[in-house]
């Protein structure tokens, strides 16, 4: 049961993060695409904005994939934790905790889940367990 639970958590978080990456990089799922993401990042003071947008998108894509399939799960988790901490600091912290106000509630849930799985291990249903 534990391994099944870890698999579900990894898949949900991994593929949600990959979806966020596709919004940033390709404009899929109603996203702004690379140009819109770069403009948003530039407005937040992240410079050079386009490089930061590509970096953020790739971190979400690669980290989400690694975490989701359970390959180098700790590396994937660390990439995503760093990304979420930057998002909290740059976008959400001044809006308080609650998501309905633009706060960092969602990011905190993701952080807790990423760290929890990283500490517990990816489980038997992971590529880490196969290698």
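Numbering (the numbering used here), first residue to last: 209 to 339.
Quick reminder that beta carbons are idealized off the backbone N, C-alpha and C, glycines included.
- Scanning 311, 272, 237, 233 for the CA closest to the CA of residue 298 turns up 311.
- For the set 218, 239, 292, 255, the Cα lying nearest the Cα of residue 267 is the one of 292.
- Going by beta carbons, residue 217 and residue 325 fall inside the 8 Å limit.
- By the Cβ criterion, the region 300 to 314 is not in contact with the region 253 to 272, since fewer than three pairs of Cβ atoms, one from each stretch, lie closer than 8 Å.
- A contact is defined here as three or more CB-CB pairs under 8 Å, and the region 272 to 289 fails this definition with respect to the region 246 to 260.
- About 6 Å separates the beta carbons of residue 239 and residue 232, which is inside the 8 Å limit, making them a contact pair.
- Under the DSSP assignment, residue 226 falls in the alpha helix (DSSP H) whose first and last residues are 210 to 234.
- Under the DSSP assignment, residue 276 falls in the alpha helix (DSSP H) whose first and last residues are 257 to 277.
- Around residue 333, the same chain offers 211, 212, 214, 215, 278 as residues with beta carbons nearer than 8 Å, after the five sequence neighbours per side are excluded.
- If you ignore the 5 residues before and after residue 314, its C-beta comes within less than 6 Å of the C-beta of 307, all in its own chain and listed in chain order.
- For the pair residue 241 and residue 250, the CB atoms are not nearer than the 8 Å cut-off.
- When the beta-carbon positions are compared, residue 237 and residue 227 come within less than 8 Å of each other.
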